[in-house]
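Protein chains in written order, with numbering that gives the first Met the number 0: chain F, 0 to 230; chain E, 0 to 230. Heads up, the beta-carbon is just placed ideally off N, CA and C, and yes, glycines get one too. As structure tokens, the structure follows; a few thoughts come after it.
Protein chains: 2
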Amino acid sequence: MTRRCEDCGVRDRALCGSLDDAELAALAQLGVQRTLARGDTLMRAGDPPLVCANLQRGVMKISTTTAAGDETITGLLYPGDFVGRPFAGAIDQDVVAVTEVELCVFPRAAFERALTNHGRMERLLLQRTLAALDHARLTMVRMAHASATARVAGFVDDIGRRQAPGCRPGAAPAFDLPLSRGEIAELLGLTIETVSRQMKHLETAGMIERVGRRGVVVRNAPALAAVATTA
Amino acid sequence: MTRRCEDCGVRDRALCGSLDDAELAALAQLGVQRTLARGDTLMRAGDPPLVCANLQRGVMKISTTTAAGDETITGLLYPGDFVGRPFAGAIDQDVVAVTEVELCVFPRAAFERALTNHGRMERLLLQRTLAALDHARLTMVRMAHASATARVAGFVDDIGRRQAPGCRPGAAPAFDLPLSRGEIAELLGLTIETVSRQMKHLETAGMIERVGRRGVVVRNAPALAAVATTA
DNA sequence: CGAACCCTTGAGCGAGTTCAACGTGAGTGG
DNA sequence: CCACTCACGTTGAACTCGCTCAAGGGTTCG
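Put into structure tokens, the structure is as follows:
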């Protein structure tokens with residue numbers, strides 16, 4: 000799979016949206032299109048990070064495995080998100096595809112050179128990383144204080160915003176959860192059973208509708224968002 | 000308080016440790032030494048960030064106030080840490096001194112110019128921010144999964160590493176907690192009472208010794224670290 | 001000395017876990 | 001086509017950890 004990724008800058012508006020043509024061309028020179036199947040690992044904790052990438056399609060998870068052996072998901076990556084740790088010696092978390100994903104992959108050394116040569120790219124990456132840091136810190140709040148209902152509601156709300164962004168206002172957002180119940184439980188720090196119960200609770204409260212195992216239709220988005228922050 | 004901060008680069012090894020003399024001189028030109036009393040606010044959520052700074056002495060907290068009105072501490076800043084959001088429009092969290100602190104403050108515009116002119120500084124800031132992001136994600140794990148005992152043990156362990164780094168091996172690290180019980184509770188997502196009980200529990204288990212209200216002597220650091228990750 | 005603040009300690013309660021059983025759908029081989 | 005299996009999800013019952021409410025100490029400041 001060595002096809003050049005010529006549209007990496009076009010698709011990844013979050014990182015490359017404000018780059019000029021020369022910069023986009025430089026990125027296209029570097030990028031290689033790659034597809035990963037569900038469950039494939041892009042980076043493994045402990046390894047030196049060999050690549051950086053832009054996620055174009057699908058969802059990936061960032062996870063650690065504790066000494067006790069249980070996995071914990073510490074974050075999710077959606078289309079447009081940047082993956083990798085340029086200038087870092089080693090990474091301490093795994094990055095794994097939870098759905099089939101499409102990536103624009105850059106060899107790390109070349110990507111670092113590109114950052115050095117194109118100051119704006121480095122600037123954008125810095126801004127984005129600072130934003131991700133703030134987001135992570137705010138997520139911590141949810142993890143620390145929120146009830147199980149709020150966590151699950153917040154998760155569904157988040158996914159809804161990211162998975163069905165093009166949904167026109169008024170229509171009920173419908174989408175598939177990219178994660179299994181067990182993965183949701185890991186992410187939210189709950190048990191599978193509690194996630195299941197809370198999903199049911201959100202359904203009986205009329206906020207969502209469950210379609211099959213993973214399908215969700217948001218019936219009352221404002222109420223869902225309110226529960227996510229309130230309870 | 001407009002004294003030039005001439006040693007900002009010397010003290011803040013984490014950010015400036017690998018800068019050359021010209022870069023350090025450039026920073027010294029910009030920096031202004033400033034002292035904040037306990038409780039003073041450096042940045043307020045919603046405001047545009049007017050300054051960036053390096054924390055030299057003391058401890059600050061990053062916190063948000065939810066709609067419900069209760070404060071949540073999302074992170075702590077220690078000497079050597081960078082404060083601020085260069086290139087950001089507005090910040091969404093408060094930064095407040097929890098002890099008396101000493102800062103090397105840079106006007107934001109000037110600091111941004113310095114980053115632009117000295118690529119290595121921007122590089123270092125990016126690396127540090129990526130590291131902070133990883134740290135925040137791993138902290139989330141603690142918030143999500145860990146028991147009250149593990150949270151408190153982890154907190155004490157963390158503080159011990161940061162507050163008494165020069166402690167020679169073999170000696171029991173002794174230090175004062177920079178936060179009140181209430182602040183610890185906010186940070187860990189617990190109640191004051193639970194924090195108090197867990198501190199006592201760590202003491203009766205022989206891992207720590209409490210000296211007055213805030214003093215702590217770590218008697219069994221390995222056990223403490225083990226509890227932080229295990230339970 | 002009283003007041004305010006912070007910390008500690010106790011008793012009861014509730015949310016979420018644990019343990020266990022059952023349901024359901026997809027894939028497999030007879 | 002049906003039985004079998006296996007992974008995933010749901011549901012129920014008992015238990016536990018941490019919260020809530022309440023009272024009691026210690027210190028500092030007027």
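Rounded to the nearest angstrom, the gap between the Cα atoms of E:P47 and E:A109 is 15 Å.
Rounded to whole angstroms, E:V95 and E:K60 show a C-alpha spacing of 5 Å. Residues of the segment 84 to 97 of chain E with a Cβ closer than 9 Å to any Cβ of chain F, in chain order: R84, P85, F86, A87, I90, D91 and Q92. For F:V104 against F:V50, the beta-carbon gap comes to about 5 Å, under 8 Å, which counts as contact.
From the listed residues E:T228, E:E111, E:V58 and E:R180, the smallest Cα separation to E:R209 is found for E:R180. In the structure shown, E:A171 adopts coil according to DSSP, grouped into three states. Annotation: F:D175 to E:M142 spans about 27 Å, alpha carbon to alpha carbon.
Distance from the Cα of E:A147 is smallest, within the candidate group F:F86, F:H144 and F:L132, for F:H144. In the DSSP secondary-structure assignment, F:R209 is bridged to F:V215. The C-alpha of E:R33 is placed about 22 Å away from the C-alpha of E:F86. When secondary structure is reduced to three states using DSSP, E:S179 falls in the coil class, being assigned neither helix nor strand. For E:I158, no Cβ of chain F is located within less than 8 Å of the residue's own Cβ. When Cβ-Cβ separations below 8 Å define contact, E:M198 makes no contact with chain F.
When only Cα atoms are considered, F:E22 and F:L114 end up about 10 Å apart.
Across the structure, E:E111 and E:I90 are spaced so that their CA atoms are roughly 16 Å apart.
Contacts with chain F at 8 Å (Cβ-Cβ) do not include E:G30. Selection E:V194, E:G214 and E:T73 evaluated against E:H134 yields E:T73 as nearest (Cα-Cα). Cβ proximity to chain F below 7 Å picks out A131, L132, D133, A135, R136, L137, T138, M139, V140, M142, A143 and H144 from the segment 131 to 146 of chain E. In the DSSP annotation of this structure, the continuous segment of the beta strand (DSSP E) that includes F:I72 starts and ends at E70 to L76.
If you keep only unbroken alpha helix (DSSP H) runs of at least 4 residues inside the segment 83 to 157 of chain F, you get 107 to 116 and 118 to 144. Secondary structure of E:R33 (DSSP, three-state): strand. At a cut-off of 8 Å between C-beta atoms, E:R212 does not count as an interface residue with respect to chain F. Selection F:S62, F:A204, F:V151 and F:V215 evaluated against F:L189 yields F:V151 as nearest (Cα-Cα). Bounds of any beta strand (DSSP E) do not take in F:V58, whose DSSP letter is neither H nor E.
If you compare the alpha carbons of F:T229, F:G205 and F:R213 with that of F:N219, the shortest gap goes to F:G205. Under the Cβ distance rule, F:I207 does not count among the residues neighbouring chain E, no pair being separated by less than 8 Å.
F:G211 is the residue among F:R196, F:G211, F:L187 and F:K199 whose C-alpha sits nearest the C-alpha of F:A173.
Of the residues E:L29, E:L129, E:Q55 and E:G30, the one whose Cα lies closest to the Cα of E:R161 is E:Q55. Excluding five sequence positions before and after E:Q197, the CB atoms of its chain that fall closer than 6 Å to its own CB belong to A147, T148 and V151, given in chain order. Note that the C-beta distance between E:L125 and F:T63 is not below 8 Å.
Cα atoms of E:L41 and E:V155: separation of roughly 25 Å, rounded to the nearest angstrom. In this model, E:G57 and E:G38 are separated by some 12 Å (Cα to Cα).
Close to F:I191, with beta-carbon spacing below 9 Å, lies no residue of chain E; the smallest spacing is near 14 Å.
Close to F:L187, with beta-carbon spacing below 8 Å, are these residues of chain E in chain order: A143. For F:L129, the residues of chain E that pass the 7 Å Cβ criterion are R84, A87 and T128, in the order they occur in the chain. Nearest to F:V194 by C-alpha distance, out of F:A184, F:L201, F:E202 and F:T203, is F:A184.
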